[in-house]
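Following my numbering, the numbering of the sequence shown begins with -4 at its first residue and continues without gaps. From the three backbone atoms N, C-alpha and C, an ideal C-beta is built for every residue, glycine too. Reviewing the structure listed below.
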Amino acid sequence: MWGSYRLWLYNDWYVDEDDNQLPMLVDGNVIVASRQLQGVRAFGAIIDPAFAYGALAYAPKSWL
-4 MWGSYRLWLY
6 NDWYVDEDDN
16 QLPMLVDGNV
26 IVASRQLQGV
36 RAFGAIIDPA
46 FAYGALAYAP
56 KSWL
């Protein structure tokens, strides 16, 4: 907590097309969001033939 603000640290990585591991957020970046922000994190198979309908951590696209 910083005053009345709740702070979260995010430390995740991805691999680009050249097999380089890069951070999702570069050091020093800040994202500000409202309490009214709504979203969902879904789990399951990616319904896309380009990904062989597999269960993946993420899919870089979700359209044909």
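### CB contact flag (Ile41, Ala54, <7 Å)
yes
### Query
Whose C-beta lies closer than 7 Å to the C-beta of Asp7 among residues of the same chain, with five residues either side of it excluded?
Met19
### Message
For Trp(-3) and Arg36, what's the separation of their Cα atoms in angstroms?
### Response
26 Å
#### Entry: Beta-carbon proximity list for Gln16, same chain, < 6 Å, skipping 5 on both sides
Trp8, Val10
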